[in-house]
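Step one of this worksheet: look at the structure below.
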Amino acid sequence: MKIKTTVASSTFCNLARQKQQAIVKEMVREFAAQGYKKASINTIVKNLGIAKGSLYQYFKNKETMFYFVFEQFIRLVKDSIKQGVSLDDKADFFVQVRKVMETALNFVDRYPDYFQIYLQILFEHDVPRRRELLAQVRLFSRDYFGPLCLAAREQGRIRDDVSPAMLIFVLDGIIDRLLQDYVRPLVDSSLELQKMGLKERTGGIDEIIKILRDGFRG
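For the sequence shown, the working numbering begins at -10 and goes up steadily by one.
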C-alpha cells in the first residue's frame, strides 16, 4: 500500500513504496532535527544519494515537502487513535480519555521524529501557514472528543454545567502538556515522565484521570 498524499506530485505517488518511504524518512528526520526554517534540502538529497532536481520532481518546493510531512503526521495520529481507542460512546468516558493518553505516549515512542515536527510547528513561529496546521490538530481533538463529551453529559457522566467545548479545551491542554513533558523534560520538567518506569508512569496517568473525574463527573 503506497503513501497517501494530496501535495506530492504524481511522479512521487508512482514510485515504489520502498523508495517513497526512504524519501519520507529523510525529510522527516531533517525537519524534526532542524525545524522548517533551518531544514536543508541539500542535506536531504545528500543522505538520499539523489540529485536535488530529482527531489523537486516529487515536491514543488521546501514548503510543499513540509506540508506533506505534516499530512503524514496527522494520518498517523488518526490511525493510532483509531487502533488504540474505541469510539464507543457507551463506554466510561474517563476510561476512554485514559486510553487516549496512553495511546498518545505510545505514538511518541513509536514516531518520535513526527512528534518533534509538531513541536517545531508549536514553537517555531515563522512556519508557513502555521496557524492552519495547528488548527488541524485542534480540529481533530474537537472531532474526536466532541461526540464523546456530548454522550457523557447526556448519560450524566459529566456535569451538566460543563460545556463540551470547555472540557475539550482542558483535555487537549492536558494531553499536550503531558507529551511535552515526556519529550522535552528540559522545557517542561514538572512531571519528569522520561525518568519514570512504566508502573510510575501508569500511576501518574491514573492520578490525572482521578483529578478529571473529581472535577467533571456528574
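Beta carbons are placed, not taken as given, at the ideal position from N, Cα and C, and that holds for glycine.
Between residue i and residue j, is the Cβ-Cβ spacing less than 8 Å?
i: residue 106; j: residue 119; result: no
i: residue 87; j: residue 147; result: no
i: residue 37; j: residue 11; result: yes
i: residue 198; j: residue 83; result: yes
i: residue 153; j: residue 166; result: no
i: residue 54; j: residue 16; result: yes
i: residue 46; j: residue 0; result: yes
i: residue 102; j: residue 130; result: no
i: residue 14; j: residue 30; result: no
i: residue 69; j: residue 96; result: yes
i: residue 104; j: residue 168; result: yes
i: residue 9; j: residue 63; result: no
i: residue 157; j: residue 192; result: no
i: residue 65; j: residue 100; result: yes
Could you please give the first and the last residue of the uninterrupted alpha helix (DSSP H) stretch that includes residue i?
i: residue 136; result: 119 to 143
i: residue 147; result: Per DSSP, residue 147 belongs to no alpha helix (DSSP H) and is neither H nor E.
i: residue 21; result: 6 to 27
i: residue 34; result: 30 to 37
i: residue -1; result: -1 to 2
Thinking residue i and residue j are a contact (beta carbons under 8 Å), I'd like their distance in whole angstroms, please.
i: residue 48; j: residue -2; result: 7 Å
i: residue 25; j: residue 116; result: 5 Å
i: residue 33; j: residue 19; result: 5 Å
i: residue 226; j: residue 59; result: Given that the chain is displayed from residue -10 to residue 207, the structure contains no residue 226 and the question cannot be resolved.
i: residue 229; j: residue 137; result: In the structure as shown, the chain starts at -10 and stops at 207, and residue 229 therefore has no counterpart that could be examined.
DSSP puts residue i in a beta bridge; with which residues?
i: residue 206; result: 147
> Where are the alpha helix (DSSP H) runs, 4 residues long or more, that stay fully inside the segment 49 to 122, in chain order?
Replying inline: The qualifying runs are 51 to 73, 82 to 99, 101 to 112.
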